[in-house]
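With the first letter of the sequence shown counted as 1, position 80 gets the number 96 in the numbering used here; the numbers rise by one all the way through.
This report refers to the structure that appears directly beneath it.
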Amino acid sequence: MILLTRLSGTAFVLNADLIERLDSTPDTVVTLVDGKKYVVAEDLLEVVDEVRAWRSGIIAASGIGGVEAPSSSHRAHLTAVSTRRDVEGEA
17 MILLTRLSGT AFVLNADLIE RLDSTPDTVV TLVDGKKYVV AEDLLEVVDE VRAWRSGIIA
77 ASGIGGVEAP SSSHRAHLTA VSTRRDVEGE A
C-alpha cells in the first residue's frame with residue numbers, strides 16, 4: 017500500500033499491486049487494472065519511488081534475496097518523512 021494525495025489535499029492509501037499505468041498530463045494520473053483513475057498531487061517519479069519502496073519492503077520482509085527488513089527506527093523515519101511531506105504540501 018502506498019500513501020498518495022488527492023489534488024484536494026486529502027491523503028489516501030492505494031494498493032500498488034492494482035496500478036496498471038501512470039500518466040503525467042501534466043497532473044499525475046494513476047490508472048488501476050479495473051480502469052478506475054486517480055489524479056494525485058505527487059509527481060509521476062514520486063509515485064514510482066513509492067511503489068519501488070513498497071515492493072522492496074515486501075521482499076525484505078519475506079527474506080527473499082538476503083535483504084533484511086527495515087528496522088523499526090527506519091520505518092519510523094520513513095513515516096516521519098512522508099508525514100512531513102504531506103504537511104508541507106498542504107501549506
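Quick reminder that beta carbons are idealized off the backbone N, C-alpha and C, glycines included.
At the level of alpha carbons, what is the spacing between residue i and residue j?
{"i": "D33", "j": "D65", "result": "14 Å"}
{"i": "I74", "j": "V67", "result": "11 Å"}
{"i": "L23", "j": "E58", "result": "9 Å"}
{"i": "A77", "j": "A27", "result": "25 Å"}
{"i": "L48", "j": "S40", "result": "15 Å"}
{"i": "E44", "j": "A69", "result": "The residue asked about is misnamed: residue 44 is Thr in this sequence, not Glu. T44 and A69: Cα-Cα distance of roughly 18 Å."}
{"i": "G25", "j": "L19", "result": "12 Å"}
Quick one, which of the options has its alpha-carbon nearest residue i's?
{"i": "L60", "options": "L38, L20, V29", "result": "L38"}
{"i": "M17", "options": "E36, I80, R71", "result": "R71"}
{"i": "D50", "options": "T21, E36, E62, P42", "result": "E36"}
Since residue i and residue j should fall inside the 8 Å C-beta cutoff, what is the C-beta to C-beta distance between them, to a whole number of angstroms?
{"i": "V63", "j": "V56", "result": "7 Å"}
- [ ] Return the chain-ordered ranges of every beta strand (DSSP E) run that is complete within the region 39–80 and spans a minimum of 3 residues.
- [x] 44–48, 53–56
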